[in-house]
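Heads up, the thing below is written out as structure tokens.
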Amino acid sequence: MSALEEEYRLDYFEEEGFERKECPSCGAHFWTRDHDRETCGEPPCAEYEFVGDPGFDEPHSLEEMREAYLSFFEDHGHERIDPYPVAAERWREDMMLTIASIADFQPLVTSGETPPPANPLTISQPCIRMQDIDNVGKTGRHTMAFEMMAHHAFNAREDVEGEYAYEGEVYWKDRTVELCDELLESMGADITEVTYIEDPWVGGGNAGPAIEVIYKGLELATLVFMCMERDPEGEYELKDGNRYSFMDTYVVDTGYGLERWTWMSQGTPTVYEAVYPEMIAFLRENAGIDHTEEEVDLVNRAARLSGNLDIDDVDDVEAARGEIAAELGIDVAELRELVEPLEAIYAIADHCRTLAYMFGDGIVPSNVETGYLARMVLRRTKRLCDTVGVDAPLDELVDMQAERLGYENRDTIRDVVRSEVEKYRETLERGGRRVEAIAEEYAERGEPIPTEELLELYDSHGIQPDMVAEIAGEVGAEVDRPDDFYSLVAARHDTPEEAEAVEGSGDDRFDDLPETETLYYDDQQRTQFEAVVLDVFEREEGYDVVLDQTMFYPEGGGQPADHGTLSTDDATVEVRDVQREDGVVLHRTDGDLGKGEFVKGQIDVTRRRRLMRHHTATHIVIHAAREVLGEHIRQAGAQKGIDSSRIDVRHYDRISRAEVKEIEGVANEIVMDNTSVSQEWPHRNEAEAEHGFDLYQGGIPPGTNIRLIHVAEDVQACGGTHVARTGDVGAIKIRSTERVQDGVERLTFAAGDAAISATQEVEDALYEAAEILDVSPQEVPETADRFFEEWKARGKEIDDLREQLAAARAGGGGGGEEVAVGEATAVIQRIDADMDELQATANAVAEDGTIAVIGSARDGAQFVVAAPEGTGVDAGEVVSELAARVGGGGGGPPDFAQGGGPDGEALEEALADAPDVLRRVLNA
RNA sequence: GGGCCCAUAGCUCAGUGGUAGAGUGCCUCCUUUGCAAGGAGGAUGCCCUGGGUUCGAAUCCCAGUGGGUCCA
1 MSALEEEYRL DYFEEEGFER KECPSCGAHF WTRDHDRETC GEPPCAEYEF
51 VGDPGFDEPH SLEEMREAYL SFFEDHGHER IDPYPVAAER WREDMMLTIA
101 SIADFQPLVT SGETPPPANP LTISQPCIRM QDIDNVGKTG RHTMAFEMMA
151 HHAFNAREDV EGEYAYEGEV YWKDRTVELC DELLESMGAD ITEVTYIEDP
201 WVGGGNAGPA IEVIYKGLEL ATLVFMCMER DPEGEYELKD GNRYSFMDTY
251 VVDTGYGLER WTWMSQGTPT VYEAVYPEMI AFLRENAGID HTEEEVDLVN
301 RAARLSGNLD IDDVDDVEAA RGEIAAELGI DVAELRELVE PLEAIYAIAD
351 HCRTLAYMFG DGIVPSNVET GYLARMVLRR TKRLCDTVGV DAPLDELVDM
401 QAERLGYENR DTIRDVVRSE VEKYRETLER GGRRVEAIAE EYAERGEPIP
451 TEELLELYDS HGIQPDMVAE IAGEVGAEVD RPDDFYSLVA ARHDTPEEAE
501 AVEGSGDDRF DDLPETETLY YDDQQRTQFE AVVLDVFERE EGYDVVLDQT
551 MFYPEGGGQP ADHGTLSTDD ATVEVRDVQR EDGVVLHRTD GDLGKGEFVK
601 GQIDVTRRRR LMRHHTATHI VIHAAREVLG EHIRQAGAQK GIDSSRIDVR
651 HYDRISRAEV KEIEGVANEI VMDNTSVSQE WPHRNEAEAE HGFDLYQGGI
701 PPGTNIRLIH VAEDVQACGG THVARTGDVG AIKIRSTERV QDGVERLTFA
751 AGDAAISATQ EVEDALYEAA EILDVSPQEV PETADRFFEE WKARGKEIDD
801 LREQLAAARA GGGGGGEEVA VGEATAVIQR IDADMDELQA TANAVAEDGT
851 IAVIGSARDG AQFVVAAPEG TGVDAGEVVS ELAARVGGGG GGPPDFAQGG
901 GPDGEALEEA LADAPDVLRR VLNA
């Protein structure tokens, strides 16, 4: 059947007397030493045989098993490699979290562009997979965080030499299976019980044969032989429907689940008890879960049964629970009551480990990317704790795992957790109030809370429908929750498909040109050079000049391009922009110097110096920020400039004014220390081994060798130009901080003369303010405060006086014309005052049942009409008639209306007509 | 990176273009008293900032700032 069937006919299987069989139950092909065996041995074709009956000689703890594995492979010629961070986004852009050990070596090593850190190598790589999050705790075997133990060998075909970063074959399929057998045997496994199931692997554009290793019902390892790549012309069509062909490189990619091996060695009911027994014990005690012997027995039997059920999503779990309950002869509800608290506790332990990995590796909770995943996991964990009654603070629980995992930044981890839990608490509180108000409203009307409202609550306020239902229940409101709730949420986010921005590269004009030799790293202080014009291309505006070598820095790494001039003996052209395409540097000029000309290049020194100061300052500021705010500080983006630069850093809180000052202090100390700024070009593996992934603050550069910039103790991979000594930066001034998104703070700063200008700007503003207030700058805050207070007090006083004035006017008949309108009296009066005063006067007049028509010629013409109840006059209508006469409009409630228009001259006439208008309105 | 929501009294929030509100807290007085409480009166506001539309904007539009939230 399998297109790769031939690939599994290993000499090793032959020599060891394996037989290839087809599982009668699931149809899978597998290899076994046991000629009597029938099924493949993997659930659902088998059950967990090791629960209560460990499959290895000795019980191992997680740490012991990891060490046993790594040293086994060390003894068999592999070099042990330190694990990579779980935040895969730090060295690759196509993946947020590390989901497998091979992720560490993609894409550069697997493609053969970069040599592996060792070959062959062995590693135990912490991984996080969010896909199974709902199953964690329930199935007994799913975990979100796990360590994938692995050995990898990177091979290249013998017939291709020099093209790839590694050569020849280390070992391939036979040896890989043999090593697996030997490892199992060394653990005391009965290898006649092991089955090797054929299961071709496809993923991420690569593919190859793969083997699942099953022992006593548990999949212990997957051996992947990555050797094909997607190729429309390829001769093999694999299970994803695409065609593949063989590559020149072929990679042994194994994955041994540390947790499962540990579990196998202990035979506990679930993997969780084997992996973090102390934490499970702590949580059980904390939640007050105490089972009788009989109950313990039931739980264990249920656990064992869960093995032979194919559980892939939550619906299945619920169905499976029914089957298990039937098998055990108890009620489903009873079973659920028994195991659900345990499931919650297992999940809490696992989630806390996930959080410890995430925060330990510097992920900061946020509304974007990995930060968002971390936030979701944390909130979920907090909910689980609340449901099951675990009252230990979450930061303590995460810390238990962080300690076990050996993280050194545990204080920061706890800070992050505490701050995030607090944010969640606030969200819940806000949400709770909101839901209560809405629920009461609908309860009163006797309607269910509509789906639209639920969507809004979830999408904009983060309130789960469950929570709405719960609160609504308390006030007696129903909730209209459709089954496809989450797809409705998704529909809300559907935006019209954006036209794919086609990268209009397709520019092959430069294909024949050699890569431009770049001089700007050789001596970063030089600003003049000589070169030959290789070619000139006309552009819409100006020209692209290509030279054989250049000192002009092309835009890149957040550093803008150099400006300057190119000149021959007779002509000079301005360079206004410099770009780089496929290694060819294009100088955008305003003139054509002619192909083959010999030119002198001169860089705009002032501009370049400023850029260099800002670039070095960027390194200094991020280093200082890390010192002040914590080890988790990482660059999330940067842009250098002439007058100021900015860096975005990941941080879980706003940066306070005090912290800004401290960062500024540390940064300027580094400047004053005047240490040298140096560059080097080490092999990337050496650089990574020595400095870790913190090197890549500004992105991951390609190539085998990378350029490192040392500024004081700070080391970063960087392609920019830098000053020679930190003192050359002059001074660093942080101008502002800004929260660019949740978990990302932007620091804007200026260096050198720009720092001085920035300071002067702020000073100018302060001095100007001081001058206006006629006080010294130091007294500005106090004076401003006093003025503001006085200003407010005067506003109140004016209001008071206005009312008094209005009362006096109304009482004293102050010049208003009195007319009779039906039963009532109306006062028509002109006072050229502002709206507030007109209103106050009208109010005062209306106080004793008199109709008031007040007009003003300030700002055109304005009217206020008050018509107390019982006068039979609609103030709104009166105003709109009057306002029409001054070219405007107006309106308001029947007892009090305002209006006006631009024609102030017509005011008198309008007021003169007012009695008529009043009477007409009365009669209407 | 994208979407959505929010910003009004110390706090929590109403307020659909026409005189800025409620609850709570605060102050004063009264009643009662072991505490809690009850009654009456009072003070609170650049309605986030800046533009625009309008006779008129807390309200509508645009931009900014600050916060929240969902998704990849």
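Just so you know, the UniProt record's numbering puts 687 at position 687 of the first sequence, and the rest follows in order with no gaps. Glycine included, C-beta positions come from ideal geometry on N, C-alpha and C.
Coarse secondary structure for residue i, derived from DSSP in three states
i: S567; result: strand
i: N242; result: coil
i: Q697; result: coil
i: E500; result: Note that E500 scores a pLDDT of 36, beneath 50, so its modelled location is shaky; the value from the coordinates is reported in the next line. Looking at E500 - three-state DSSP - the assignment turns out to be coil, as it is neither helix nor strand.
i: T254; result: strand
i: M228; result: strand
i: C180; result: helix
i: V368; result: coil
i: K21; result: strand
i: A352; result: For clarity, residue 352 is Cys in the given sequence; the question names Ala instead. If DSSP states are grouped into helix, strand and coil, C352 belongs with the helices.
i: Y12; result: helix
i: M149; result: strand
i: E738; result: strand
i: R375; result: helix
i: G743; result: coil
i: M130; result: coil
Residue closest to residue i, alpha-carbon to alpha-carbon, out of the options
i: I620; options: A806, R141, D728; result: D728
i: T801; options: R425, G743, T841; result: According to the sequence displayed, residue 801 carries Leu and not Thr. Nearest C-alpha to L801: T841.
i: S61; options: E259, F154, T222; result: E259
i: T110; options: D253, L629, L488; result: D253
i: A287; options: I345, K239, E323; result: I345
i: P115; options: A165, E93, E158, P85; result: A165
i: A561; options: V573, E538, D569, L586; result: L586
i: G440; options: E905, M144, A477; result: The question names Gly, but residue 440 is Glu in the sequence shown. Checking every option, the nearest Cα to that of E440 belongs to A477.
i: E198; options: R794, F13, G855; result: F13
i: R175; options: G362, H151, V649, G899; result: H151
i: M96; options: Y372, T871, F73; result: Y372
i: I133; options: A624, L547, I348; result: I348
i: G890; options: G870, E158, G872, V864; result: V864
i: D764; options: A806, R410, P777; result: P777
i: H722; options: S676, E219, D483; result: S676
Buried/exposed call for residue i, threshold 16 Cβ in 10 Å
i: R445; result: exposed
i: R321; result: buried
i: N135; result: buried
i: R433; result: exposed
i: E343; result: buried
i: G255; result: buried
i: N923; result: exposed
i: D11; result: exposed
i: W201; result: buried
i: S856; result: buried
i: A883; result: buried
Inter-residue CB distance, residue i and residue j (contact presumed, cutoff 8 Å)
i: I364; j: Y171; result: A small fix is needed here, since residue 364 is Val in this sequence, not Ile. Their Cβ separation, rounded to whole angstroms, is 42 Å, which puts V364 and Y171 out of contact at 8 Å.
i: S366; j: V744; result: 7 Å
i: residue 925; j: E530; result: This structure cannot settle anything about residue 925, because the visible part of the chain is limited to 1 through 924.
i: A875; j: G892; result: 6 Å
i: V390; j: C352; result: Not a contact, Cβ separation roughly 10 Å.
i: R430; j: D459; result: Contact flag wrong, Cβ pair sits at about 15 Å.
i: T222; j: E212; result: 5 Å
For residue i, the residue or residues it bridges with in DSSP
i: R577; result: Strictly speaking, residue 577 in this sequence is Asp, with Arg absent from that position. Note: D577 sits in a beta bridge opposite R588.
i: C45; result: Partner(s): none; C45 has no beta bridge.
i: I828; result: E817, V853
i: H683; result: N705
i: D863; result: The residue asked about is misnamed: residue 863 is Phe in this sequence, not Asp. According to DSSP, which records beta bridges pairwise, F863 is partnered with G855, G899.
i: D714; result: V711
i: L223; result: I211, T254
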